[in-house]
Amino acid sequence: MRFSVPLALAAVLFASTTSFAVAAPPTSLDVTAKSVDFFSDRFVVTADGDVSVRLSDGTVIRGQTFTMDLKLNRYLVAGDVHLDGPTVHEVGAAFAGYPDLDRSYFLPASGSPSRVTYFGLDWAHPDPKREQPGDAYYFPDLTGERAYIKADGARIVPRTNILFDMARVYTAGVYVPSPRYVVTFSANSHYFENAFAGARGDVGVPFNGSAHSLTALHLRNDAINGTYLAFDQHFVWDQDWVVLGVDPLTQEQRQYNLIGYKRWSPKFESRLFTQVSAAQAGIINAATNAAGFAQLQLSAGLKGSNLTLTQDNYYQYLLGLPYGLTDLNTARSDFDPRWKEHPTDGSLAFTGGQTALTHGANPLYLRPRFGVGYAHDVWGEGGFDNEQPGPPTLWYRYAGGSVYTPPIRLGAALSLSGSYDRQRTWFSLPHQLDNGDLRFTLAGQRERQHLRYYVAYEVKTIDDYWGAQQLAAYNPAANVVTTAFGTYSGQAAFRGLATSRGYTSSLVYTPTQFFEFAITGSRFYDTPAPVPGVYGQPPWQVTGDLRVRLSRQVLLDLTRQYYFNFANERWTPQFGIQFSP
Amino acid sequence: MIRSLAAILVCAALAAYALPSLAQGALVRFTGQLLDVRNGYVYFTTGDAFKLGPAPRFADYDTGNPTTLQPRAKLFARAILDPATKQVVELDLTTHRLAQDAAYASTAATYSATAPTVERAPEIVGVPATGKEVAVAFVVTVPPTTPLNANVYISTDASGWNPQAIKMDRIDGQRYRAVRRFASGTKFAFRVTRGTWNSVELGSDGLQPGPHEYYTKEVDAQEARTTVFAWSDDRGNTPQAAQPGAIPTPYNPNPFPGGVFPPSHATPPGGFPTPRPPAFPNRPPR
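First to last, the protein sequences are chains C and D. If you're matching positions, the first sequence starts at 1 in my numbering and goes up one per residue. If you're matching positions, the second sequence starts at 1 in my numbering and goes up one per residue.
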């Protein structure tokens with residue numbers, strides 16, 4: 001009697017878990033057949049010849065052919081279908097699975113024909129009278145499609161990925177064999193969070209994956225390391241994710257990155273970025289030098305606004321004293337002040353939401369922002385990285401905001417918009433920095449000519465105020481600077497107040513869905529005048545962008561920029577072939 | 001004369017009796033894709049099963065001659081059905097795709113041997129899509145602090161979440177636009193980026209939003225509007241001068257050669273060397 005309540009509770013729990021188990025759709029499908037093909041343009045998998053599909057509950061469906069639309073998340077087994085499981089043994093003409101609806105549809109071949117509906121993985125209670133989707137047993141039309149991957153088998157995790165066994169991947173006209181290959185088609189973008197630094201080229205070979213993980217090897221090339229291998233491991237949940245990357249994997253100078261995101265509640269999230277840079281010969285040899293960096297960011301969503309706390313920590317020489325040093329207090333020529341301490345910095349930032357200052361047809365909006373922060377030893381122990389002494393800890397606070405209008409219609413084809421962004425930052429050093437950005441944009445369109453265009457005028461200012469120390473901070477420098485690109489004068493007049501005025505104009509021509517041409521030109525008037533190789537932007541810039549759709553999935557994007565010989569730069573070509581839906 | 005007419009009528013009646021199709025009307029012909037032939041029935045992808053006659057004829061669809069093809073899943077066929085017996089007397093098989101039979105529902109489906117479903121399934125919802133091409137304009141409103149020359153892209157799950165999948169063009173002070181054509185019924189998820197996953201849209205509360213769901217409706221033209229409230233690499237507008245490795249001011253890398261502040265006690269004789277090799281950038285990848 002005394003155990004009746006616990007027993008009843010246990011029975012309820014058991015019954016609830018059992019019913020949950022049978023009602024849930026399959027979490028994976030293991031497909032084997034004489035041939036398994038994947039059509040990447042259509043996100044369709046087909047299998048033919050002695051097809052066997054094992055569902056996650058152990059139920060096996062055998063048939064002549066299998067097809068699954070990975071995006072629509074539905075599959076079909078047809079021809080001499082045998083449905084076998086712990087509680088079911090049926091023969092039929094076709095079996096269609098709809099995991100999203102938590103339903104399976106079956107055409108039994110015993111007795112008179114009927115349409116049978118199964119609920120979840122409950123095979124014991126078929127319903128022969130329930131309505132079924134009109135196209136439940138349709139095959140996708142793959143006329144003219146070429147298989148991107150051929151394989152002997154596949155493991156499909158619905159709505160996530162597909163892992164091919166003994167895959168042959170279509171590459172440059174031939175099928176290249178790969179023991180395993182994973183295609184991720186998830187609507188969750190976090191499988192593609194990147195833990196690598198930028199590179200000129202990157203070919204990824206994802207070779208392992210599950211409902212919450214993805215493992216890939218990358219062949220990469222960049223200007224510093226040349227061609228090398230890299231590795232990354234992803235763990236992904238609904239909103240949370242973690243990615244570990246080793247890049248390069250085969251070069252001595254190596255980075256280990258661990259990045260993560262956690263959504264603690266609908267209004268609170270955290271991000272973590274950790275990095276160890278190591279000098280490590282070979283692949284598994286001990287590192288001879290290492291440094292670390294960690295950034296933690298906590299962010300709270302308020303009503304239309306945001307509060308974010310960011311903390312950065314830098315760890316120099318994780319492996320101890322470098323270069324065989326034993327005493328950091330003994331001065332030597334190659335001394336680095338960061339050997340002794342690790343820099344830190346942090347900030348607390350409030351970003352306001354859009355607030356209407358005026359109402360009506362042409363409202364004026366404000367987005368304010370405030371923040372405080374500090375930086376400790378960021379330039380070494382008590383100094384700047386330009387070899388000048390400075391305070392060990394720098395505090396700052398800032399306030400700013402943007403005032404702007406939405407595009408105001410000026411007739412049928414023209415609109416005008418304006419924005420002004422201003423921020424003042426007060427430093428403990430002491431000085432204050434003012435950033436300003438005023439912008440007006442006149443935009444228009446000519447639908448008949450398929451043209452859209454705009455002209456923008458922008459004034460940016462960066463003013464560094466030191467009060468009585470202004471001339472000390474910005475003391476007269478040499479008036480003439482000679483760089484590899486020439487000799488430039490006028491530097492002596494600079495006193496810490498910089499202005500950039502610029503005109504930007506753009507024209508977009510889209511005559512058909514297959515062709516688009518955009519040209520953008522800019523002219524900047526900067527004070528101080530730019531010095532190639534030292535600072536500043538090219539006064540004249542023109543960018544042309546041509547996009548031609550070569551096929552339904554392939555878009556050729558050609559971008560070239562012209563800098564009018566600034567820093568000996570003329571044409572800067574960028575060619576790219578993009579794949580888009 | 002009357003006798004001859006009577007004889008003809010009797011012959012016609014006998015023929016009609018012997019040929020049910022003449023008595024009941026013409027044979028019914030319809031086309032479709034096969035699922036299986038099993039247990040005396042032929043199953044089509046419509047889910048309908050039709051009783052096979054006692055000795056059905058299998059012929060080539062194009063020539064009408066006997067064929068070596070065996071009826072199996074994925075093959076296309078023209079079925080010839082006798083309305084009197086509701087049995088399929090001939091299947092003309094082909095591997096070529098046959099157009100969907102528009103009159104199928106009104107002609108053949110009525111002879112299906114499959115038991116009808118009478119129970120409503122409320123979970124089955126949706127609007128039929130014809131797959132016609134629809135011009136879709138994506139319009140993205142960006143924060144006012146977005147640089148004029150910033151590149152903005154749409155990244156989709158259909159393109160493997162390539163952060164530069166669809167490049168957009170700035171059309172005025174706050175908006176970018178791109179036009180694509182999709183078949184009606186096309187459905188995908190997308191997010192707005194500035195070219196990398198380190199620079200992606202944030203929601204109105206400054207937190208990471210979920211992807212937008214897009215669906216092409218059965219219309220002539222469609223517009224998909226999205227607002228980006230902030231970019232993930234523009235959070236908090238932290239002052240440039242306080243960043244590690246940055247210079248005290250953007251334009252003055254060497255502000256105190258005379259020494260506004262006293263020299264640090266850590267300053268060694270001979271000054272500071274280049275502190276760390278350039279290949280060790282202690283910064284997040286951009």
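Here a beta-carbon is modelled for each residue, glycine too, at the ideal position from N, C-alpha and C. This structure is a prediction, so every number in the text was calculated from the model and none was measured.
{"Query": "With a threshold of 16 other CB atoms inside 10 Å of the CB of Lys34 of chain C, please say whether the residue is buried or exposed.", "Result": "exposed"}
{"Query": "Determine, using beta carbons only, whether Lys71 of chain C comes closer than 9 Å to chain D.", "Result": "yes"}
{"Query": "Taking Lys150 of chain C as the query, report the chain D residues whose CB atoms sit under 7 Å from its CB, ordered along the chain.", "Result": "Simply none; closest approach about 18 Å."}
{"Query": "Starting from Val548 of chain C, follow its DSSP beta bridges and name the residues at the other end.", "Result": "C:Phe515, C:Leu556"}
{"Query": "So does the stretch 268–281 of chain C actually touch the stretch 294–301 of chain C, counting three or more Cβ pairs closer than 8 Å?", "Result": "yes"}
{"Query": "Any beta carbon of chain D sitting closer than 9 Å to that of Val157 of chain C?", "Result": "no"}
{"Query": "With 16 other CB atoms within 10 Å as the buried threshold, where does Thr512 of chain C fall?", "Result": "exposed"}
{"Query": "Report the rounded CA-to-CA distance for Asp557 of chain C versus Gln164 of chain D, giving the unit in angstroms.", "Result": "11 Å"}
{"Query": "Kindly indicate which three-state DSSP category Ser506 of chain C falls into: helix, strand or coil?", "Result": "strand"}
{"Query": "Using the Cα positions of Ala167 of chain C and Gly40 of chain D, report the straight-line distance between them to the nearest angstrom.", "Result": "39 Å"}
{"Query": "Less than 9 Å between the C-beta atoms of Val500 of chain C and Phe485 of chain C, yes or no?", "Result": "For the sequence presented, residue 500 of chain C should be read as Ser rather than Val. No, these two residues do not count as a Cβ contact at 9 Å."}
{"Query": "Is DSSP giving Ser56 of chain C helix, strand or coil here?", "Result": "coil"}
{"Query": "Output the boundary residues of the beta strand (DSSP E) element that contains Ser270 of chain C.", "Result": "268–279"}
{"Query": "Buried or exposed: where does Val203 of chain C fall if 16 or more other Cβ atoms within 10 Å of its Cβ makes it buried?", "Result": "exposed"}
{"Query": "Quick check: the Cα distance between Asn479 of chain C and Thr308 of chain C, rounded to an integer number of angstroms?", "Result": "43 Å"}
{"Query": "Specify the secondary structure class of Thr109 of chain C as computed by DSSP and reduced to three states.", "Result": "In the sequence on display, residue 109 of chain C carries Ala and not Thr. Ala109 of chain C falls in the coil class under three-state DSSP."}
{"Query": "Please confirm whether Arg452 of chain C and Val508 of chain C have their CB atoms less than 9 Å apart.", "Result": "yes"}
{"Query": "Look up Asp165 of chain C in the DSSP assignment and say whether it is helix, strand or coil.", "Result": "strand"}
{"Query": "For Ala178 of chain D, I'd like the list of residues in its chain whose CB is within less than 8 Å of its CB, leaving aside the five on either flank, ordered along the chain.", "Result": "Ala137, Phe138, Ile154, Ile166, Lys167, Met168, Asp169"}
{"Query": "What are the boundary residues of the alpha helix (DSSP H) that Gln470 of chain C is part of?", "Result": "470–473"}
{"Query": "Drop a sphere of 10 angstroms on the beta-carbon of Gln514 of chain C, count the other beta-carbons inside from all chains shown, and report buried for 16 or more, exposed for fewer.", "Result": "First, the amino acid is wrong: residue 514 of chain C is Phe here, not Gln. Under this definition Phe514 of chain C is an exposed residue."}
{"Query": "Compare the beta carbon distance of Asp157 of chain D and Phe164 of chain C with 9 Å and say whether it is the shorter of the two.", "Result": "no"}
{"Query": "Determine whether the beta carbon atoms of Val157 of chain C and Thr27 of chain C lie at a separation below 9 Å.", "Result": "yes"}
{"Query": "In terms of DSSP beta bridges, what is Met316 of chain D paired with?", "Result": "For chain D, the structure presents residues 1 to 286; residue 316 of chain D sits outside this window and is missing."}
{"Query": "Hey, out of C:Pro25, C:Asn313, C:Phe268, whose CA is closest to Ser305 of chain C's CA?", "Result": "C:Phe268"}
{"Query": "Identify whether Asp60 of chain D lies in helix, strand or coil by the three-state DSSP scheme.", "Result": "strand"}
{"Query": "Indicate whether the contact test is met: 3 or more Cβ pairs, each with one atom in the stretch 76–95 of chain C and one in the stretch 121–138 of chain C, closer than 8 Å.", "Result": "yes"}
{"Query": "Taking 9 Å as the CB-CB limit, is Trp231 of chain D close to chain C?", "Result": "no"}
{"Query": "Is Ala109 of chain D helix, strand or coil by DSSP?", "Result": "helix"}
{"Query": "So, Thr46 of chain C versus Val88 of chain C, is the Cβ gap smaller than 9 Å?", "Result": "no"}
{"Query": "Would you mind telling me which residues of chain D sit closer than 7 Å to Glu131 of chain C, beta carbon to beta carbon, in chain order?", "Result": "Thr117, Glu119, Arg120, Ala121, Ile124"}
{"Query": "Could you have a look at Gly353 of chain C and say whether DSSP puts it in helix, strand or coil?", "Result": "coil"}
{"Query": "With DSSP as the reference, label His190 of chain C as helix, strand or coil.", "Result": "helix"}
{"Query": "Find out if the Cβ-Cβ distance for the pair Ala399 of chain C, Arg424 of chain C is shorter than 9 Å.", "Result": "yes"}
{"Query": "Less than 9 Å between the beta carbons of Ala183 of chain D and Gly126 of chain D, yes or no?", "Result": "no"}
{"Query": "Look at Thr141 of chain D and Val200 of chain D and say whether their C-beta atoms are less than 9 Å apart.", "Result": "no"}
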